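Trainee: My numbering numbers the first residue of the sequence shown as 477 and each following residue consecutively.
Positions of the beta carbon are idealized from the N, C-alpha and C atoms, including for glycine.
Quick caveat: nothing in here was measured; it's all calculated off a predicted structure.
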Amino acid sequence: ATKNVGSNAQSANDHMLYSLLNHPKEPTDLTVNCIPNDSPELDWDASASSDRDYYEVLRSSSPWSGYSQIGTTSSTSYKDTYFFCAGAGDPITEYWYRVRTVDTENLRSGESKFDSANTTDDNPYPYGSTESDSLETAQ
């Protein structure tokens, strides 16, 4: 039995090229609204990609690296119920957010520009947020 190695390599190259040329567009105009004693609320403009499926929401303690996925949503809004926004005199921890698009073929966009929120060091939800906690606003 002979293997057709050339066609397998070509197929992998074709898939990689397809992925590079057809990945979804990232969301734009991310803003984080943070009202004291409420959770940070993220809003963004929808991806221009027609085959978008959902968005992944990412958070980090640094604007430049270390982002981890904290949730997904099919909406253009998300509420990070893991933290409360800081009020006057509260100890502050700054968190940074980005969003990326996932399309129907499970391809991911680049990440949106970042925005941040000043949160309290006290976690109002010690077990973290869940998908049902996120703000789902139909667009």
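Taking DSSP as the reference, what is the three-state secondary structure of Leu583?
Mentor: In the sequence shown, residue 583 corresponds to position 107, counting from 1. Leu583 falls in the coil class under three-state DSSP.
Trainee: Measure how close the beta-carbons of Glu502 and Ser585 come, nearest whole angstrom, since I'm counting them as under 8 Å.
Mentor: Translated into the one-based positions of the sequence shown, residue 502 becomes position 26. Translated into the one-based positions of the sequence shown, residue 585 becomes position 109. About 4 Å; that satisfies the 8 Å criterion.
Trainee: What does DSSP give as the partner residues of Trp572 in its beta bridges?
Mentor: Here residue 572 corresponds to residue number 96 of the sequence shown, with the count starting at 1. According to DSSP, which records beta bridges pairwise, Trp572 is partnered with Ser536 and Ser592.
Trainee: Alpha carbon to alpha carbon, how far is Asp490 from Ser536? Give it in angstroms, no decimals.
Mentor: Start at 1 with the first residue of the sequence shown, and residue 536 comes out as number 60. Start at 1 with the first residue of the sequence shown, and residue 490 comes out as number 14. Their backbone Cα atoms lie some 34 Å apart in a straight line.
Trainee: Should Ser544 go down as buried or exposed, given a rule of 16 or more other Cβ atoms within 10 Å for buried?
Mentor: Mapped onto the sequence shown, residue 544 falls at position 68. With fewer than 16 Cβ atoms within 10 Å of its Cβ, Ser544 is classed as exposed.
Trainee: CA-CA distance, Val575 and Thr596?
Mentor: Start at 1 with the first residue of the sequence shown, and residue 575 comes out as number 99. Start at 1 with the first residue of the sequence shown, and residue 596 comes out as number 120. In a straight line, the C-alpha of Val575 is about 22 Å away from that of Thr596.
Trainee: Cβ atoms of Ser523 and Pro539: under 7 Å apart, would you say?
Mentor: Numbered from its first residue, the sequence shown carries residue 539 at position 63. Numbered from its first residue, the sequence shown carries residue 523 at position 47. The answer is no: Cβ separation not under 7 Å.
Trainee: Which first and last residues belong to the beta strand (DSSP E) in which Lys555 is found?
Mentor: For the purposes of this step, residue 555 is taken as the residue at position 79 of the sequence shown. Ser553 to Lys555 is the extent of the beta strand (DSSP E) around Lys555.
Trainee: How close, in whole Å, do the beta carbons of Trp520 and Leu506 come, if the pair is a contact with beta carbons under 8 Å?
Mentor: Translated into the one-based positions of the sequence shown, residue 520 becomes position 44. Translated into the one-based positions of the sequence shown, residue 506 becomes position 30. Right, their Cβ atoms sit about 4 Å apart.
Trainee: Quick check: what's the CA-CA separation for Ser627 versus Asp566?
Mentor: Residue 627 falls outside the range modelled here, since the chain spans only 477 to 615, and no answer is possible.
Trainee: Give the single residue among Asp591, Asp529 and Ser487 whose Cα lies nearest to the Cα of Tyr573.
Mentor: Here residue 573 corresponds to residue number 97 of the sequence shown, with the count starting at 1. Checking every option, the nearest Cα to that of Tyr573 belongs to Asp591.
Trainee: Would you list the residues sitting across from Cys561 in a DSSP beta bridge?
Mentor: Looking up residue 561 in the sequence shown gives position 85. Paired residue(s): Pro512 and Thr595.
Trainee: Taking the C-alpha atoms as reference points, what is the distance between Thr587 and Glu532?
Mentor: Here residue 587 refers to the residue found at position 111 of the sequence shown. Here residue 532 refers to the residue found at position 56 of the sequence shown. Going by the sequence as given, residue 587 is Glu instead of Thr. Rounded to the nearest angstrom, the two C-alpha atoms are 9 Å apart.
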